[in-house]
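Comments concern the structure below.
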Amino acid sequence: MKSSPLLKQAAKFYSRKLYSFFEEEFLHGLGGLNIEHSSSDLSRFYVKNIDNSTDSHNWIVNFNSLEGIIQCSCAKFEMMGILYSHCMRVMRQLDIVNIPVKYLLPRWSANARKDLYSGGNISCLGINACQPIEGSNNLMFINYICRFAYKISTEAQDNEKVKMCVIDGLSTLAAKVHSIKIDRKNKLISRAGNDSIKDPKKCRPNGVLNARLKDH
C-alpha cells in the first residue's frame with residue numbers, strides 16, 4: 001500500500017491524525033466494499049458491504065467525469081470534509097490514482113495550524129501549501145479575523161474602559177457591514193428591475209404619415 005499514489009498524496013497533505021483516518025477509509029473501500037452494479041455511462045455506482053451480515057445498506061455514488069465531481073448518498077464529505085470509503089471504492093474502480101484537488105480542504109492540511117496562528121497578513125495567509133480551491137480565501141480571511149479579534153480581546157480584558165471601547169467599535173463595525181450588505185442587495189434588486197421586460201417599439205401603421213393629423 002505504500003506504493004499507492006493516492007496514499008502518498010494524502011500523507012503529504014493531511015495531518016498525521018487525519019491521514020490515519022483516511023488510510024482506514026481507503027483500506028475499507030478496497031477490502032470491505034463491493035460495487036454491485038453501475039450505469040452504462042459509469043456515472044452512477046451502487047456500493048455495498050462485502051459482508052452483508054454486518055450492514056446490508058447500499059450507497060449510491062455519482063461521478064461526473066467532465067467536472068471531476070464525485071458524490072455519495074452518505075453525504076459524509078459534505079459533513080466532514082474528507083472522502084470516505086464509498087467514493088474511494090469507485091475511484092479505484094475508475095483507476096483514479098489521485099485525490100481531486102477540490103476534495104483536499106485546507107482546514108485539514110498539515111499546515112492548517114501553522115496558517116491559523118501565523119502572524120502574517122491576509123495576503124500571506126492566502127498562499128497555501130496545497131493548490132488553491134474555491135472558498136480557500138474565505139477560510140483564511142475568517143482565520144485571520146478570529147486571530148486578530150482574539151489579540152484585541154486579550155489586550156482589553158483587564159481594563160473596563162478598553163472593553164467598552166472594543167464593544168462600541170465592534171457594534172459600529174457590525175452596523176457598517178450590515179449597511180454595506182443591504183446597499184449591495186438593493187442595488188442588485190434595482191438592477192434586476194431595470195432589466196425587466198420593456199414595451200415593444202412603436203411602429204407606424206402602413207399609410208400613416210409622420211406628420212401629425214390636423215383637427216377636423
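Letter by letter, the sequence shown follows residues 1 to 216 in full-length UniProt numbering. Heads up, the beta-carbon is just placed ideally off N, CA and C, and yes, glycines get one too. Here the structure is a predicted model, which means the values were calculated and not measured.
Item	Value
Reduced DSSP secondary structure (H/G/I, E/B, other) of residue 217	With the chain covering 1 to 216 only, the question about residue 217 has no answer from this structure.
Test item: CB-CB of Q157 and I99 under 8 Å	no
Other residues of its chain near F26: CB distance less than 6 Å, five sequence neighbours each side excluded	M88
contact_flag[the segment 46 to 65, the segment 79 to 94] where n(CB pairs < 8 Å) is 3 or more	yes
Straight-line Cα distance separating K176 from K163	20 Å
Segment limits, alpha helix (DSSP H) that includes Q20	In the sequence under discussion, the amino acid at residue 20 is Ser, which differs from the Gln named in the question. From DSSP, the alpha helix (DSSP H) with S20 extends over 16 to 31.
Counted within 10 angstroms of its Cβ, other Cβ atoms place G135 as buried (16 or more) or exposed	Below a pLDDT of 50, predicted positions are generally treated as unreliable, and G135, at 45, falls in that range; no measurement from the model is reported.
L173 classed as buried or exposed, judged by whether at least 16 other C-beta atoms fall within 10 angstroms	exposed
One or two residues paired with W59 in a DSSP bridge	V47
Extent of the continuous alpha helix (DSSP H) run through Q9	5 to 13
Where S171 falls: helix, strand or coil (DSSP)	helix
Residues that Q71 bridges to, as DSSP identifies them	N62
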